[in-house]
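Asks:
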Amino acid sequence: MLPAPRARPWAAALFAAVPLLAQAQLTGNVALTSDYKFRGQDQDILRSDPFAKTGAFKPAIQGGFDDAFGDSGWYAGNWNSSVNWLRGNSLESDWYGGYKWKAGAIDLDAGALAYLYPGNASGNTTELYGSATYADPALGTFALKYSHTVSDDYFGHAGAKAGSGLSGRNTGYLNLAYNRALSPQLTLKAALGYTRMAGDIRRQGLPSYLDYQIGAAYDFGSGLSLTGTLQGANRQAAYGAATGPAADAPQYSPNKGRFILTLAKTF
12 MLPAPRARPW
22 AAALFAAVPL
32 LAQAQLTGNV
42 ALTSDYKFRG
52 QDQDILRSDP
62 FAKTGAFKPA
72 IQGGFDDAFG
82 DSGWYAGNWN
92 SSVNWLRGNS
102 LESDWYGGYK
112 WKAGAIDLDA
122 GALAYLYPGN
132 ASGNTTELYG
142 SATYADPALG
152 TFALKYSHTV
162 SDDYFGHAGA
172 KAGSGLSGRN
182 TGYLNLAYNR
192 ALSPQLTLKA
202 ALGYTRMAGD
212 IRRQGLPSYL
222 DYQIGAAYDF
232 GSGLSLTGTL
242 QGANRQAAYG
252 AATGPAADAP
262 QYSPNKGRFI
272 LTLAKTF
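Start counting at 1 in the sequence shown, then tack on 11, and there's your number in this note's numbering.
Structural data, given as structure tokens:
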């Protein structure tokens, strides 16, 4: 008698994934914003010379997709934005995936996210994250999220690719967000975040800092919305950048508060 054929592990994994792929629910989004801030800091700051931009209007185009695999809880996605804070790079491309589940009235989410900057890999950063969300019809929605850096590279401030020999690993970001519907179309939005820099980064003179945003979003229907928020961060002097060659040239901080408008469409 011939021996039974051995199971192929990759084949078993492929067959197990087929039901998830069949249930995939793909959604997309595109947006135009007057200024892209990440954790309170401008992402368009470089002029063609070595100095910093000072204007409040620095538009960015953004977009991506999300893929939810039915009711399995698993998801994956990608989000992109034009940026200008790393020489030789003009794109941020984020790739992420994770798992969502419920614990009573709390929605939980855990996953991993890689920030990639194709023209200058010194900005590349990888984080693990977890969040908990509670929604109440009268009180609104509260979401607490923590992100933890697991790469030595941290947005150009540390890591092998940055050539610093320093590590940004264990930098953490904690964010508390709040949303409340004021009418069927209008939603209040507010958030407060705290970035705790790794020791190697703090020793360079870049301290941990708080960021904030507050504003509102108007839903026009059919996935189209307009959001206006005031966004910024503290520790502006520590994150200052020169605006000219003179020793007494004024400093510009990417942490400066700005009122930002964003027109977005989901589909």
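Where is the CB? At the ideal position from N, CA and C, for every residue including glycine.
Here the structure is a predicted model, which means the values were calculated and not measured.
1) Would you mind reading off the limits of the beta strand (DSSP E) that contains Ile212?
2) Could you give the first and the last residue of the continuous beta strand (DSSP E) run that contains Gln242?
3) Exposed or buried, which one is Pro265 when buried takes at least 16 other CB atoms within 10 Å?
4) Tell me which same chain residues have a C-beta within less than 6 Å of the C-beta of Gly134, skipping the five on either side of it?
5) Classify Val94 as buried or exposed, calling it buried when 16 or more other Cβ atoms lie within 10 Å of its own Cβ.
6) With distances taken Cα to Cα, identify the nearest neighbour of Gly204 among Gly243, Gly176 and Arg214.
7) Counting C-beta neighbours from all protein chains within 10 Å, is the total for Lys69 16 or more, i.e. buried, or is it exposed?
8) Hey, quick one: how far does the beta strand (DSSP E) through Gln196 stretch, first residue to last?
9) Spatial neighbours of Gly239 within its chain, please: C-beta separation below 6 Å, excluding the five flanking residues on both sides.
10) Taking only the alpha-carbon atoms, compute the straight-line gap between Leu335 and Tyr140 and give it to the nearest angstrom.
11) For the region 147 to 162 against the region 184 to 201, are there 3 or more C-beta pairs whose distance is under 8 Å?
12) Would a C-beta distance cut-off of 7 Å place Thr279 and Ser162 closer than the cut-off?
13) Measure the alpha-carbon distance for Pro218 versus Ala252 and round it to whole angstroms.
14) Ignoring anything shorter than 4 residues, give me the alpha helix (DSSP H) runs that lie fully in the region 91 to 151, in order along the chain.
15) Here's the rule: buried if 16 or more other CB atoms are within 10 angstroms of the residue's CB, otherwise exposed. What is Gln196?
16) Got a sec? Which residues, its chain only, sit under 7 Å from Leu235 by beta carbon, not counting five neighbours each side?
17) Exposed or buried, what is Lys113 when buried is set at 16 or more other beta-carbons lying within 10 Å of its beta-carbon?
18) Whole angstroms are fine: how far does the CA of Ala228 sit from the CA of Leu274?
19) Under 7 Å Cβ to Cβ from Ala260, same chain only, skipping five residues before and after it: list those, please.
20) What is the C-beta distance between Tyr86 and Gly108, in whole angstroms, given that I count them as a contact (C-beta under 8 Å)?
21) Since I believe Ala202 is in contact with Ala192 (beta carbons under 8 Å), could you give me their beta-carbon distance rounded to a whole number of angstroms?
22) State the DSSP-derived secondary structure class of Lys69, mapped to helix, strand or coil.
23) For Ile212, count neighbouring Cβ atoms within 10 angstroms of its own Cβ and tell me buried if that reaches 16, exposed if not.
24) Of the choices Phe76, Asn100 and Ala121, whose alpha-carbon is the least far from that of Tyr84?
Replies: Checking against the coordinates, here is how it stands:
1) Reading the sequence shown from its first residue, position 201 is the one you call residue 212. No beta strand (DSSP E) holds Ile212; the alpha helix (DSSP H) holding it covers Gly210 to Arg213.
2) As a position in the sequence shown, residue 242 is number 231, starting the count at 1. It spans Leu235 to Ala244 - the beta strand (DSSP E) in which Gln242 sits, taken as one unbroken run.
3) As a working mapping, residue 265 is identified with position 254 in the sequence shown. Looking at its Cβ environment, which holds 16 or more other Cβ atoms inside 10 Å, Pro265 is buried.
4) Residue numbering aside, residue 134 sits at position 123 when the sequence shown is read from its first letter. Leu97, Tyr128, Phe166 and Gly167.
5) Start at 1 with the first residue of the sequence shown, and residue 94 comes out as number 83. The residue in question, Val94, is buried, as its Cβ has 16 or more Cβ neighbours within 10 Å.
6) Within the sequence shown, numbered from 1, the residue matching residue 204 stands at position 193. Here the closest residue by C-alpha is Gly243.
7) Your numbering for residue 69 matches position 58 in the sequence shown. Buried, since its Cβ has 16 or more Cβ neighbours within 10 Å.
8) The residue labelled residue 196 in the question sits at position 185 within the sequence shown. It is not in any beta strand (DSSP E) - Gln196 carries neither H nor E in the DSSP assignment.
9) Position 228 of the sequence shown, counting from 1, holds the residue named residue 239. The answer, listed in chain order, is Gly226 and Leu272.
10) Residue coverage of the chain in this structure runs from 12 to 278, which leaves residue 335 outside it and unanswerable.
11) yes
12) Since the first residue of the chain shown is 12 and the last is 278, residue 279 is not available in this structure.
13) Numbered from its first residue, the sequence shown carries residue 218 at position 207. Numbered from its first residue, the sequence shown carries residue 252 at position 241. Cα-Cα distance, rounded: 15 Å.
14) none
15) In the sequence shown, counting from the first residue as 1, residue 196 sits at position 185. Under this definition Gln196 is an exposed residue.
16) Counted from its first residue, the sequence shown places residue 235 at position 224. Cβ within range, chain order: Lys276.
17) In the sequence shown, the residue the question calls residue 113 occupies position 102. Exposed, since its Cβ has fewer than 16 Cβ neighbours within 10 Å.
18) As a position in the sequence shown, residue 274 is number 263, starting the count at 1. As a position in the sequence shown, residue 228 is number 217, starting the count at 1. The alpha-carbon atoms of Leu274 and Ala228 are separated by roughly 10 Å.
19) As a position in the sequence shown, residue 260 is number 249, starting the count at 1. Contacts found: Ala253 and Thr254.
20) Here residue 86 refers to the residue found at position 75 of the sequence shown. Here residue 108 refers to the residue found at position 97 of the sequence shown. That pair is a contact at about 7 Å.
21) Residue 192 sits at position 181 when you count from the first residue of the sequence shown. Residue 202 sits at position 191 when you count from the first residue of the sequence shown. Their Cβ separation, rounded to whole angstroms, is 16 Å, which puts Ala192 and Ala202 out of contact at 8 Å.
22) Sequence index remark: in the sequence shown, residue 69 carries index 58 (1-based). DSSP places Lys69 in strand when its eight states are reduced to three.
23) Here residue 212 refers to the residue found at position 201 when the sequence shown is read from its first residue. The residue in question, Ile212, is buried, as its Cβ has 16 or more Cβ neighbours within 10 Å.
24) What you label residue 84 is simply residue 73 of the sequence shown in a count that begins at 1. Checking the sequence, you will find Gly at residue 84 rather than Tyr. The shortest Cα separation from Gly84 among Phe76, Asn100 and Ala121 belongs to Ala121.
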